[in-house]
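Peer 1: Residue numbers (my numbering): 25 to 175.
Ideal Cβ positions, reconstructed from N, Cα and C, are used throughout, including at glycine.
Every value quoted in this text rests on a predicted model; they were computed, and no experiment measured them.
Sharing a structure below in structure tokens format, with a few things to ask.
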Amino acid sequence: MKKAIFPGSFDPITLGHHDIIERGVTLFDELIIAIGINADKKNMFSLEERKQFIEDSFGNNPKIKVVTYEGLTVHFCQENNIDFILRGLRNPADFEFEKAIAHTNRDLSSIETVFLLTAANTSYISSSIVRDVIRNHGDYTKLVPKTVRIK
Ligand code: ADP
25 MKKAIFPGSF
35 DPITLGHHDI
45 IERGVTLFDE
55 LIIAIGINAD
65 KKNMFSLEER
75 KQFIEDSFGN
85 NPKIKVVTYE
95 GLTVHFCQEN
105 NIDFILRGLR
115 NPADFEFEKA
125 IAHTNRDLSS
135 IETVFLLTAA
145 NTSYISSSIV
155 RDVIRNHGDY
165 TKLVPKTVRI
175 K
């Protein structure tokens with residue numbers, strides 16, 4: 025059984041993440057969307073909110089699970105028999121950053137990282153831009169799945 029993890033902060037999930045998940049899930053038997061707990065990062069949305077947004081988007085897909093985890097992604101993979109890490113690539117900056125992480129993860133384990141190129145229409149979207157739009161009362165709904173709504 026081919027299991028993959030899609031790790032990230034998802035603060036909040038965007039249409040860019042959504043696209044990578046929809047396309048990525050077709051490559052594996054199970055895709056685990058894993059929200060990393062990072063005490064040093066100041067998040068806009070709580071862990072529960074971030075998890076809920078993703079579950080509301082993909083909860084009815086039996087191949088997709090949503091979890092939270094602490095520590096190294098490769099340790100989480102080893103503990104849960106996950107062989108692949110799924111990541112998205114938007115631009116050269118993503119490539120350089122992802123290359124260093126993927127090489128490090130290969131040094132630490134036998135886990136392979138699989139990259140999907142961003143879709144043309146979502147390539148400019150990032151969670152940090154979405155947070156900025158929200159903070160400044162812009163229309164964020166164009167950038168995120170319908171399940172991300174602020175009360
Ligand atoms: P982190 O907090 O580790 O930066 P994110 O939650 O922002 O992670 O993103 C997780 C993954 O989603 C990363 O691989 C990132 O490249 C990818 N990603 C984010 N936005 C997009 C997008 N618009 N198109 C494709 N991939 C994306």
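Give me the Cβ distance between D43 and T146, rounded to the nearest whole Å; I'm assuming they're in contact under 8 Å.
Peer 2: Yes, D43 and T146 are in contact; Cβ-Cβ is about 5 Å, under 8 Å.
Peer 1: Output yes or no for whether 8 Å exceeds the beta carbon distance between I109 and T97.
Peer 2: A contact, by the Cβ cut-off of 8 Å.
Peer 1: What is the DSSP secondary structure of A124, counted as helix, strand or coil?
Peer 2: A124 falls in the helix class under three-state DSSP.
Peer 1: Please determine, among L51, E103 and S151, the residue with the shortest C-alpha to C-alpha distance to P36.
Peer 2: The residue with the shortest Cα to Cα distance from P36 is S151.
Peer 1: Heavy atom of ligand 1 less than 7 Å from the Cβ of F34, yes or no?
Peer 2: Checking the Cβ of F34 against ligand 1 gives yes.
Peer 1: What residue range does the alpha helix (DSSP H) around I78 cover?
Peer 2: Note, I78: alpha helix (DSSP H), L71 to F82.
Peer 1: Is I44 near ligand 1, in the sense that its beta carbon is under 7 Å from a heavy atom of that ligand?
Peer 2: Yes - ligand 1 has a heavy atom lying nearer than 7 Å to the Cβ of I44.
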